[in-house]
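Protein chains in written order, with this note's numbering: chain A, -1 to 166; chain B, 2 to 350; chain C, 126 to 309; chain D, 399 to 785.
Backbone N, C-alpha and C fix where the C-beta goes; we use that ideal spot for every residue, glycine too.
These figures come from a predicted structure and were not determined experimentally.
This report concerns only the one structure given below.
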Amino acid sequence: MNAREIHDQIKEKFPEAILEFNDTVQQPYLKIAPQPFYNVCQFLRDDADLDFDYLMCLSGVDYGDLLGTVYHFYSMKHTHKIILKVEVPRENPAIPSICDLWRTADWHEREVYDLFGIVFLNHPDLRRLLLPEDWEGYPLRKDYVTPEFFKGIPVLHSEMKSETNEQK
Amino acid sequence: MEPIIKVFFNFIPALADLPNWLAVTLIGVVLAVGTFLYIAVFTLFGVWLERKISAHMQDRLGPMEVGGWHGWAQTIADTIKLLIKEDIVPEKSDRFLYKFAPYVVFTAVMAAFAVIPWSKKFIPANLNVGLLYIISISSLGVIGILMGGWASNNKWSLYGAMRSAAQMVSYEIPVSLSLISVILITGTLDMQEIVYRQSGTLFSWNIFHYFPFAFLAFIIYFIASLAEANRTPFDLPEAESELVAGFHTEYSGMRWAFFMLSEYANMFVVSAISAVVFFGGWQAPFGFLNFIPGPIWFLGKALILVFVQMWIRWTLPRLRVDQLMYTAWKVLTPFSFALVLFIAFWKVL
Amino acid sequence: MKDYFRNIYQAIVTILIGMGVTFRHLFVHAVTIQYPHVKRELPARSRQKLFVNIDDCIGCFQCARACPVDCIMIETVKAGKDEDLGETSNGQKKRLHVVKFDIDMAKCCYCADCVFPCPTECIYMTPDYEFATYDRNSLLLHFAKYSPEQVKALHERQEKEALAKAQAAKIKAAAGTKKPESET
Amino acid sequence: MNKSNLPPSRFELEVPNKLKTEEMTLSMGPQHPSTHGVLQIILKTDGEIIDSADPRIGYLHRCFEKHAENVTWHQVIPYTDRLDYIASMNNNLGYVIGLERMMKLEVNERAEHLRVIVAELNRIASHLIALGTYGLDIGAFTPFLYTFRDRERILDLFEEICGARLLYNYIWVGGVAYDALPGWRDKVLQFCDYFLPKIKEYNDLLTFNKIFIDRTANVGVIPAELAINYGMSGPGLRGSGVPYDLRKIDPYSIYDRFEFDICTGRGEMGTVGDCWDRYWVRVAEMYESVKIIRQACEAMPDGDAKETVPRNIKVPAGEYYMHTESPRGELGYYIISDGGKTANRIKVRSPAYSNLSILSSIAPGVMIADLVAIIGSLDIVLGEIDR
């Protein structure tokens, strides 16, 4: 099943959910509204024709004025793929968690929360994963400024700053 | 009078002039110091040997630098390092037990040396219940290990200690039973007497003379003694990939060295017992080789068994706790029981 | 019961097979190289210490730009009009004084990305790997051949020239603005 | 980890006479000999039996993704080396193919063959480490030294072709960094001949050892559905019997030209998906890798591998998810470009990351020794998990 057909299937079931569909790029994707996102995912996983049982990748992206997450799905049985995108505003970003559908999402969502600050609703255990639990800020956002100090420890060594190549 | 005291009296006639209690005490001190020195030297050599054997089994060279020839002084250097190393006692440990534990372990092993016959005349204490003495004394060491593991106030140490207690208690039984089967064969508990009963050629040694039974008893004894000495594949108390270093995780310096000493001493003791009980002790395999003194035969036999222990260590993976118990209770113990039964019947017939 | 005995049998047999393997290896020649006494010949491409043939450097900054960890620090001063700095070995004309060419080997990640863009092939990795030191500062390699006095002089000259240029431009600009006035 | 979220513990210990017992909390790592790096696992144990395991990662976080946004496209390649430092070639390969597909770049034949050869050699090297350290986890020292001895030969080959032994920076956009010297191909073939009998030696010493089988068979069984749900990949997933190998399923480079099999666990010693199966898949894959290397060496044309390497890379705006089969599983690079000199975002979907996350689900009910066996069989590399 190609992306167009998958899109049609979802469209049929959730007419409101799809905000954008693009199959002119190398890897076609669907943009889904955050509210029906969980139900769409459940449909993707449970429908016998779609049967997306494998979540390959879940990544957070900073689009500048929006934050988003990108989901790459794969079906072991039908060997087809689809990409879903969800975009949320920078202030109080929240996306429904799909952790109980694909357990892969558990750690990946924690990572996105950790580095982008996107809150995943209904995630059972949304803690920081890679950074220390008391780290401030979300480093992979484009507007993140590296702090001078972390708990009194200088983050950037003063020597390092002066030594970086000015000519670059 | 004990033959060993006679040896001393013959050697230094002045001793006979001293009051008896003083002479005996003096001789005892000399023997104890001698045993300690022997253990220290054997450990130095054993560690070096183990390193070399493991290295060559793994296509490596092992220590090559210290001392020149094949790094023979490496372990001496290590000992000096251990001696001058800081003795760390964890703050929240049970200080007395923590400090005391290595000596308990060591003493238990060292005590076993008392009844090991080195030659016709040289046996520190010729007890007539020597074998029984060894069986009982060798299970004392576990108390020290438990003490050390408990007193360290470290969870990994505690795991090591608990495993060790379970393991030692379980493997006591196959060890005792396999030795009992030999007692049934020879009909004596006296170590020196057991050696005398095997005099003659190679084929009068217990292991060959009573071939299938004694051989089986030896195999059972050997496997169980590996567990007694905490050697791979039964080194669960100090399984470094699971429990970091088991019961001696927190120990450092000389106290740690005492655990090491007792491990190697234990290796030697169990091999020495095998040598005495199954391989004719200090007897030469053939009459015409009698010109080589007894202690050399005895040491040679024991060292070969030590080598086999090392060989096994560098070949096998480690068992899991439940498999360890399975091996002890469901394989070794039934087999050794059956063996005792067979030998008893056979003796009666 | 059958399984029980089969297990014991298998255990004994596989253990003996394994012991056979290790015993055979007891007599196999060791693969260890006794390092400080015996040294392995490294292949020609081996990427160890960086080296700069400073005579060939034209100060183009290609290597510094390619470096992913910013461990190359270069400073240049333009040559005077009548100064001839000579040519590199592959015939490129040198137009810049390379007053500073420092490589911090402590930062270097040995990726050799700096080697490829060099137009004169003057920076390359050598198979010299024994440069451990007790002092981190001695890992900062200096390749430039200018003494501090020379560097100072060059900088002063550059500043002077820049000043003169700026003044000339000012005069020119002033003349430019005045000219139309005078014309009127 | 929230306990209600986990499957119920397989062991429910009965405590007689309402004896008061306590769970022991145990911090395994980050300096533990068998956590394969700086992984911390918070264990709650009941005696030797584990009630819950909560892996804590991040001790080796080196901000790869942030770095990648700040250096040029080409400068990312040395950074990818350091993700899965045991299989750097495969890391380079995934990233570079991703870029090439975005740029619609063709790579010449010789370079493609060289890429396949080094990637498969690196896979063998990585599996050798997995085998050796697994033996170490189980308590056998000697196989570790043997596998490292043979891995050294692979590293020698790599050193000859690109000068580095661990962090290669070899596969570049449009080709490879260095062409193979004459005679290198023969050395690779010689290595293949040398290597195959060695696998038998490992099998004699470790794989079919009864103690090893007892320690690993029926331990840490991961059913196929659970593995897929957790996003496992590589030998971990194939050990559960799912033939998911991206070299076959979604061929990249020139893998579609070679003949090899996907190895899956069949539960020969116990249940499908146990530790032994995962281990055995790795052993079997080494045979397959040797097969691929031999075919690639035969088919490699002469010529220059370097000719199409562009000096300044400009990646057209767009995005691409490139997944390749690294020794640990599906290594994904999700690359977003806005047409500039640097990446807008590079997300690494590291295989060991997803593989490790299954630990908290299969650990309850096993013993501490089994946990070590399970971690070893997942073959994690913390450099890749923490990025």
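Distance, Cα to Cα, residue i vs residue j?
i      : j      : result
I30/A  : P130/A : 32 Å
K93/B  : A741/D : 53 Å
K598/D : Y544/D : 12 Å
L780/D : L458/D : 7 Å
I783/D : I439/D : 14 Å
V86/A  : P32/A  : 7 Å
A269/C : A169/C : 26 Å
S205/B : T187/B : 12 Å
E420/D : D444/D : 7 Å
E467/D : G211/C : 41 Å
P322/C : R190/C : The shown model of chain C, from 126 to 309, leaves out residue 322/C, and the question about it has no answer.
F539/D : A155/C : 16 Å
T258/C : L264/C : 7 Å
F130/C : V679/D : 29 Å
E208/C : V177/C : 23 Å
K596/D : T147/C : 13 Å
E164/A : A287/C : Per-residue confidence for E164/A stands at a pLDDT of 41, beneath the threshold of 50, marking its modelled position as unreliable; the derived number appears in the next sentence. Going by the C-alpha atoms only, they are around 20 Å apart.
T157/C : V163/C : 10 Å
P633/D : A682/D : 10 Å
M422/D : S57/A  : 36 Å
F259/B : L441/D : 32 Å
F546/D : Y532/D : 12 Å
I183/C : Y271/C : 14 Å
L404/D : A162/B : Low per-residue confidence applies at L404/D: pLDDT is 41, beneath 50, and the placement is therefore not dependable, though the value from the model is reported in the following sentence. Roughly 31 Å between the two C-alpha positions.
Y160/B : N154/B : 11 Å
V332/B : I221/B : 9 Å
R408/D : S759/D : With a pLDDT of 44 at R408/D, under the threshold of 50, the modelled position of this residue cannot be trusted; read the value that follows with caution. One C-alpha to the other measures close to 11 Å.
F212/B : E51/B  : 31 Å
A278/C : K285/C : 10 Å
K348/B : F292/B : 35 Å
For my contact list, residue i and residue j are in at a C-beta cut-off of 8 Å; report their separation, rounded to the angstrom.
i      : j      : result
M192/B : R232/B : That belief does not hold up - the Cβ atoms of M192/B and R232/B are roughly 23 Å apart, past 8 Å.
F589/D : L555/D : 6 Å
L167/A : E717/D : Residue 167/A is absent from the model: chain A starts at -1 and stops at 166.
E731/D : G496/D : The question names Glu, but residue 731/D in the sequence shown is Tyr. Indeed they touch by this definition, with Cβ atoms about 5 Å apart.
D51/A  : I626/D : 5 Å
V469/D : I744/D : Their Cβ separation, rounded to whole angstroms, is 10 Å, which puts V469/D and I744/D out of contact at 8 Å.
C247/C : C192/C : Actually they are not in contact, since the Cβ atoms of C247/C and C192/C sit about 15 Å apart, beyond 8 Å.
Looking at residue j and residue i, is the spacing between their C-beta atoms short of 9 Å?
i      : j      : result
S369/D : A562/D : Nothing can be reported for residue 369/D, as the shown portion of chain D is limited to 399 through 785.
Y650/D : I690/D : no
I136/B : S182/B : no
L604/D : P286/B : no
S752/D : T102/A : yes
K86/B  : S253/B : yes
S755/D : Y628/D : yes
F35/A  : I96/A  : yes
G618/D : C673/D : yes
G665/D : G701/D : no
C39/A  : H106/A : no
L481/D : S735/D : no
C188/C : I197/C : yes
*Scan the segment 113 to 177 of chain B and note each continuous beta strand (DSSP E) run of 3 residues or more that stays entirely inside, going in chain order.*
none
*Can you give, in chain order, each stretch of the alpha helix (DSSP H) that sits fully within the segment 582 to 628 of chain D and has at least 4 residues?*
582 to 600, 608 to 614, 622 to 627
*3-residue-minimum beta strand (DSSP E) runs that sit fully inside the segment 169 to 214 of chain C, ordered along the chain*: 174 to 177, 197 to 203
*In chain order, which continuous runs of the alpha helix (DSSP H) of length 4 or greater are located wholly inside the segment 57 to 122 of chain B?*
75 to 84, 96 to 113
*Looking at C-beta atoms only, is the number of pairs between the segment 36 to 43 of chain B and the segment 126 to 140 of chain C that lie closer than 8 Å three or more?*
no
*At least three beta-carbon pairs within less than 8 Å, the segment 516 to 526 of chain D to the segment 753 to 767 of chain D*: no
*Given 8 Å as the limit, is there contact between the segment 10 to 21 of chain B and the segment 504 to 515 of chain D, that is, 3 or more CB pairs closer than that?*
no
_Using a Cβ distance threshold of 8 Å, determine whether the segment 115 to 125 of chain B contacts the segment 276 to 285 of chain B, with at least three qualifying pairs required._
yes
*Within the segment 213 to 243 of chain C, note down every full alpha helix (DSSP H) run reaching 4 residues or more, in order along the chain.*
none
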